[in-house]
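Trainee: Encoded as structure tokens, here's the structure I'll be asking about.
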């Protein structure tokens, strides 16, 4: 009898053990799911228009609370990171930005995990943080 | 040798030159760490247990050395697979402190930890203790046809060997270093959730043969990998390349392979 050692969803835990690329993979999944939930919520929110102006205004008031501001700030961050990292992935997954294959020499630094890719991940995270700060500033009239 | 038994100039031994070569004395480090080995026999046990052994090590002691010391002097029943002890055979892949590595290629000193935990690799069926089954990986490897496909042959009469320029060889040589140790498949997050995914090992090997200009089986192989559980299952987490002990860089091979399917490469 053999027991399958499938890591399953636990494989998503502790992404840092495989470097920033795995962290980006993890963030991409989390932000993707977050945006999907936001999209569903957004459809529900805008559908309140069908119930008239009062219903729409009461729905909008929900976003004018502290919790609402935190939620929208998170949405801004998720959106910016997902876009930035998504562009990096589209370029990389088309086979661009790695250079050419070459004879492996110890200590075997993989070209696919090069500085260009790492930099794009850091820039995506940085842009998301900036956008969140800007969003907070707008929402709180700073 | 010159007349009189004297060595020619330049071939004198250090003592002949009157100088003494000084060798640095190697002192044992006398460090001790705790080796935690996962023990689990699916035929008998319900859950894995960890055995702990105190193991002394030097700066050159590998994790495999430590496991074998525990097996030889503490518990003969520890199940471990190994062969070459020099990162050539790909037998001793296992999770070492949570990350897939070759036990013979990982020094305890580089782990920078007083406790070293060894477990069987993830995403493979467990046979016993640290030994996992490779049947699925090998069958996937066979599925992508890991050989040169051509109508003619190098050994047919009237033909010579198929010549390649050094530039032609550079296109695939990196990917031919694969030792089928399975570390990439163990680290892959898609493999963790999708049992039918071809995996980084198989996909990188598909690229190795497609990029070989002697091969004519590109269309056959692209047909095999062009599916949800094939190349499109890769989300470029890069963990496969991170753990590869031979510098194969499967993530790069997979992304380059996509170029053929997207029409960027011919």
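Residue numbers (this note's numbering), protein chains in the order written: chain A, 1 to 142; chain B, 1 to 266.
Ideal placement from N, C-alpha and C gives every residue a C-beta, glycine not left out.
This one's a predicted model, so the numbers in the text were calculated from it and none came from an experiment.
#1: Can the beta-carbon of residue 171 of chain B be found less than 9 Å from the beta-carbon of residue 100 of chain A?
#2: Could you tell me if residue 208 of chain B is buried or exposed, where buried requires 16 or more neighbouring beta carbons within 10 angstroms of its beta carbon?
#3: Please tell me whether residue 178 of chain B and residue 201 of chain B are closer than 9 Å, where the distance is taken between their beta carbons.
#4: Helix, strand or coil: how does DSSP classify residue 219 of chain B here?
#5: Run down chain B in chain order and give the residues with a C-beta less than 7 Å from the C-beta of residue 111 of chain A.
#6: Quick one: is residue 155 of chain B buried, meaning 16 or more other Cβ sit within 10 Å of its Cβ, or exposed?
#7: So residue 116 of chain A contacts chain B; which residues on that side make the cut at Cβ distance below 8 Å?
#8: Have a look at residue 92 of chain A and residue 86 of chain B and give me their C-alpha separation to the nearest angstrom.
#9: Given residue 120 of chain A, which residues of its chain have a CB within under 6 Å of its CB, disregarding the five upstream and five downstream residues?
#10: Can you find the residues in the same chain that come closer than 6 Å, C-beta to C-beta, to residue 109 of chain B, ignoring five residues on each side of it along the sequence?
#11: Would you mind sorting residue 246 of chain B into buried or exposed? The rule is 16 or more other CB atoms within 10 Å of its CB.
#12: Among residues of its own chain, excluding the 5 on either side of residue 226 of chain B, which ones have a beta-carbon nearer than 7 Å to its beta-carbon?
#13: If you count every other CB in all the chains shown that lies within 10 Å of the CB of residue 198 of chain B, and 16 or more means buried, which is it?
#14: State buried or exposed for residue 137 of chain B, treating a residue as buried only when at least 16 other CB atoms are found within 10 Å of its CB.
#15: Residues of the region 166–180 of chain B in Cβ contact with chain A at a cutoff of 8 Å, in chain order, please.
#16: Let me check one thing: in DSSP terms, what residues is residue 93 of chain B bridge-paired to?
#17: In angstroms with no decimal places, state the Cα-to-Cα distance between residue 195 of chain B and residue 134 of chain B.
#18: Tell me where the alpha helix (DSSP H) around residue 101 of chain A begins and ends.
#19: Candidates B:121, B:211 and B:82: which alpha carbon is nearest residue 167 of chain B's?
#20: Under 6 Å Cβ to Cβ from residue 36 of chain B, same chain only, skipping five residues before and after it: list those, please.
#21: Quick test of your reading: residue 124 of chain B and residue 5 of chain A, contact by CB under 8 Å. State the CB separation rounded to the nearest angstrom.
#22: Could you tell me whether the Cβ of residue 80 of chain B comes closer than 9 Å to any Cβ of chain A?
#23: Who are residue 45 of chain B's beta bridge partners in DSSP?
#24: Are there three or more Cβ pairs, one per stretch, closer than 8 Å when the region 107–115 of chain A is compared with the region 73–82 of chain A?
#25: Of the choices A:86, A:35, A:134 and A:10, whose alpha-carbon is the least far from that of residue 24 of chain A?
#26: When DSSP labels each residue in this structure, what does residue 39 of chain B get in the three-state scheme?
#27: When you compare the region 178–192 of chain B with the region 234–250 of chain B, are there three or more beta-carbon pairs, one atom per stretch, that lie closer than 8 Å?
#28: Threshold first: 4 residues or longer. Then list the alpha helix (DSSP H) segments lying entirely within the region 121–153 of chain B, N to C.
#29: Is the number of C-beta pairs between the region 134–142 of chain A and the region 66–76 of chain B that are closer than 8 Å three or more?
#30: Span of the beta strand (DSSP E) holding residue 116 of chain B?
#31: Count the other CB atoms, across all protein chains shown, that sit within 10 Å of the CB of residue 263 of chain B; report buried if there are 16 or more and exposed otherwise.
#32: Kindly indicate the opening and closing residues of the alpha helix (DSSP H) around residue 39 of chain A.
#33: Relative to chain B, which residues along the region 27–47 of chain A have a C-beta separation below 9 Å, given in chain order?
#34: Enumerate in chain order the residues of its own chain whose CB-to-CB distance from residue 214 of chain B is below 6 Å, with the five nearest sequence positions on each side excluded.
Mentor: Inspection of the coordinates gives the following:
#1: yes
#2: buried
#3: yes
#4: helix
#5: Near residue 111 of chain A (Cβ distances below 7 Å), the residues of chain B are 249 and 252.
#6: With fewer than 16 other Cβ atoms inside 10 Å of its own Cβ, residue 155 of chain B counts as exposed.
#7: In chain order: nothing, as chain B lies at least about 13 Å away.
#8: 33 Å
#9: 88
#10: 59
#11: buried
#12: 261
#13: buried
#14: Per the 10 Å Cβ criterion, buried.
#15: 170, 171, 172, 173, 174, 175 and 177
#16: Looking at the DSSP assignment, residue 93 of chain B forms a beta bridge with B:102.
#17: 13 Å
#18: From DSSP, residue 101 of chain A is part of no alpha helix (DSSP H); its letter is neither H nor E.
#19: B:211
#20: 50, 52 and 117
#21: 6 Å
#22: no
#23: Bridge partners of residue 45 of chain B: none, in fact.
#24: no
#25: A:86
#26: In the displayed model, residue 39 of chain B falls within a strand according to three-state DSSP.
#27: yes
#28: 135–143
#29: No, they do not touch.
#30: It spans 115–119 - the beta strand (DSSP E) in which residue 116 of chain B sits, taken as one unbroken run.
#31: exposed
#32: 20–47
#33: Those residues of the region 27–47 of chain A that come within reach of chain B (Cβ to Cβ, closer than 9 Å) are 28 and 29.
#34: 148 and 162
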